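In the working numbering, the protein residues as written are 3 to 460.
Backbone N, C-alpha and C fix where the C-beta goes; we use that ideal spot for every residue, glycine too.
Computed from a predicted structure; not experimentally measured.
Structure first, commentary second.
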Amino acid sequence: MLAETASSISEPSQAPWGTGQPSLPEAPLAGSFPTREEIERLQLRKVRSLLEAILPANPFYARKLATCGPTIAPASLDAYTRLIPITTRHELVRDRLANPPYGTDLTFPSDAYVRCHQTSGTTTMPMRWLDTAESWIHLVDNWVQILGAAGVTRRDRFFFAFSFGPFLGFWSALEAVHRLGCFCFAGGSMSSQARLQAILDNGITAVCCTPTYAHHLGEVARDKKVYLTRGRVRLLIVAGEGGGSIPATRTRIERLWPGAAVFDHHGMTEVGPVTYQCPARPGSLHVLESAYLPEVIDPHSEQPVAAGETGELVLTTLDRIGSPLLRYRTGDLVKPRRRSVCACGRHELALDGGILGRSDDMVVVRGVNVYPSLVEAIVRGYPEVAEYRVQLDCRNAMTELSLEVEPVADSPGLASLPQRLEQSFQAALNLRVSVVLLPVGSLPRFEMKVQRWVRVTE
């Protein structure tokens, strides 16, 4: 089966910290990954099974698809995308407001659901999301595949460097790590320095957190003289923000964590774990096509975009039958690579540059489209910058963008840093951006999703 092949995990090349864990099967050879034809056959079978299971049992989709007929059995994936309408976040929010607290996108009676998570609510009101035991197992299966692509073994020792909240986050990752039999330390409600000490004391080899927090932990280690070279961390599994696939951000994090590699991933509470970093091409993400049917569309026309063009990622959840999503507009902007076998041997859809931004995050500044990921890439090219904040002045007809930067302590050449940054923005965007230098330690640090963009409206 596809999931079994993709989730195989190899043994480490060096002796592990600790003993007693059995070995896992070796990773499949490049030629043994499912072909494009095999992936699409599996997806079509799952699409048909999903539609059969949720219609008419799921009230939300029974109403939404009423005009499609009593039974829907698409002959092909193309037929499915032509027949089934897009699902939007606003539809789901309206449904939950009209039918609190969970809405009607539920295929089974309420007592069939065993898990509840909540979206972070960064763009609209938070939504509670329910899962059956079966759906939850599928989400954990997805994380097992992600960990396999990262080269995780049963001998790895994990540290989860965040406080567990109601959103899906790394909850399914935690259970996948438990399933593999790995050592696990959940470091909620600890200070950054205490977390660093726990990482060293427990022989941790893999840290899970956001890219911003990985960077912050590295800075704390440097400033507090916590020598990470004495530790065993080899893997930083990041998610929650786009920085893990931005070369400048990856480089900065890896310099702060000697011997460790950044491994990017992305997902959403209402969808689950979706992508994993290409083992052969860091900076690209593969979609878990055994669990999702992906499309990339123009956000305005909703028509497919060509390979190499930026569009919005649309997903159908193939295994989350209890609370499904059909052709869901995620809001994530991506650039699909041309369909072909990847350098890693996989045939799954590749997204170059990872998550480039969100369709609702893009701002137009004096006629120029500006994405947070591009600002991040420019700023992180300057090692003198410890943290930054973007100010968007929307009080006039023409939005103005300015930047506040906090420097690394005792960095040389700080007097010229604002001017050099302004020149970089001018070269990259043909846009004048005012840069203000702030005192060391003046900007906030974030454990979860960072909030660097501030809108001024009055």
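Query: Backbone CA spacing between Asp-97 and Leu-328 [nearest angstrom]; Result: 15 Å
Query: Spatially closest choice to Gly-359 from Gly-242, Met-129 and Gly-190, by CA coordinates; Result: Gly-242
Query: Per-residue DSSP class, three states only, for Tyr-390; Result: strand
Query: For Ala-151, the nearest candidate out of Gly-310, Ile-239 and Thr-106 (CA to CA); Result: Ile-239
Query: Endpoints, the beta strand (DSSP E) within which Arg-117 is located; Result: 115 to 120
Query: Where Pro-301 sits in the DSSP three-state scheme; Result: coil
Query: Secondary structure of Thr-207, DSSP reduced to three states; Result: coil
Query: beta-carbon Leu-445 near the ligand FAD non-hydrogen atom, thresh 6 Å; Result: No copy of the ligand FAD occurs in the structure displayed, which carries no ligand at all.
Query: Alpha-carbon to alpha-carbon, Arg-38 and Gly-313; Result: 22 Å
Query: Cβ pair count under 8 Å reaching 3, the stretch 45 to 60 against the stretch 269 to 284; Result: no
Query: Candidates Cys-184, Cys-186 and Val-209: closest to Ser-194 by CA position; Result: Val-209
Query: Meets three-Cβ-pair contact criterion under 8 Å: the stretch 342 to 350 and the stretch 406 to 414; Result: no
Query: Cα-Cα separation, Leu-94 to Leu-351; Result: 27 Å
Query: Identified DSSP bridge partners for Leu-239; Result: According to the sequence as given, residue 239 is Ile; it is not Leu. Beta-bridge pairing links Ile-239 to Cys-210 and Phe-265.
Query: Host beta strand (DSSP E) of Pro-409 (start-end); Result: 402 to 409
Query: Whole runs of the beta strand (DSSP E) within the stretch 134 to 181, excluding any shorter than 3 residues; Result: 159 to 162
Query: Simplified DSSP assignment, three categories, for Cys-186; Result: strand
Query: Residue interval of the beta strand (DSSP E) (run including Tyr-278); Result: 274 to 279
Query: Arg-252 vs Gly-205 beta-carbon contact at 7 Å; Result: no
Query: Alpha helix (DSSP H) segments (min. 4 residues) lying fully within the stretch 308 to 351; Result: none
Query: Candidates Trp-173, Leu-202 and Thr-207: closest to Ala-184 by CA position; Result: For clarity, residue 184 is Cys in the given sequence; the question names Ala instead. Closest option to Cys-184, Cα to Cα, is Thr-207.
Query: Burial state of Pro-446 (16 or more Cβ within 10 Å); Result: exposed
Query: Buried or exposed by the 16-neighbour rule on C-beta atoms within 10 Å, applied to Gly-245; Result: buried
Query: Cα-Cα separation between Val-154 and Trp-145, rounded to whole angstroms; Result: 11 Å
Query: Arg-339 versus Ala-100: straight-line alpha-carbon distance, rounded; Result: 40 Å
Query: Distance, Arg-47 Cα to Ala-59 Cα; Result: 19 Å
Query: Assumed close pair Ser-404, Gln-393 - CB separation to whole angstroms, cut-off 8 Å; Result: 5 Å
Query: Span of the alpha helix (DSSP H) around Ser-375; Result: 374 to 381
Query: contact_flag[the stretch 423 to 432, the stretch 373 to 389] where n(CB pairs < 8 Å) is 3 or more; Result: yes
Query: Cβ-based burial, His-302 [other Cβ within 10 Å; buried from 16]; Result: exposed
Query: Member of Ala-200, Gly-189, Gln-147 and Pro-441 whose CA lies at the smallest distance from the CA of Tyr-390; Result: Pro-441
Query: Residues bridged to Gly-359 [DSSP beta-bridge criterion]; Result: Leu-335
Query: Nonlocal neighbours in the same chain, by C-beta distance under 8 Å from Val-116, ignoring five residues either side; Result: Asp-133, Thr-134, Ala-135 and Trp-138
Query: Own chain residues within Cβ distance below 8 Å of Val-456, not counting five before or after; Result: Arg-391, Val-392, Gln-393 and Leu-394
Query: Among Leu-439, Ile-323, Ser-342 and Val-367, nearest to Glu-386 - alpha-carbon criterion; Result: Leu-439
Query: For Ala-178 and Ala-32, the rounded distance between their alpha carbons; Result: Note on Ala-32: pLDDT 40, under 50, position unreliable in the model; the coordinate value appears next. For Ala-32 and Ala-178, the distance between alpha carbons rounds to 24 Å.
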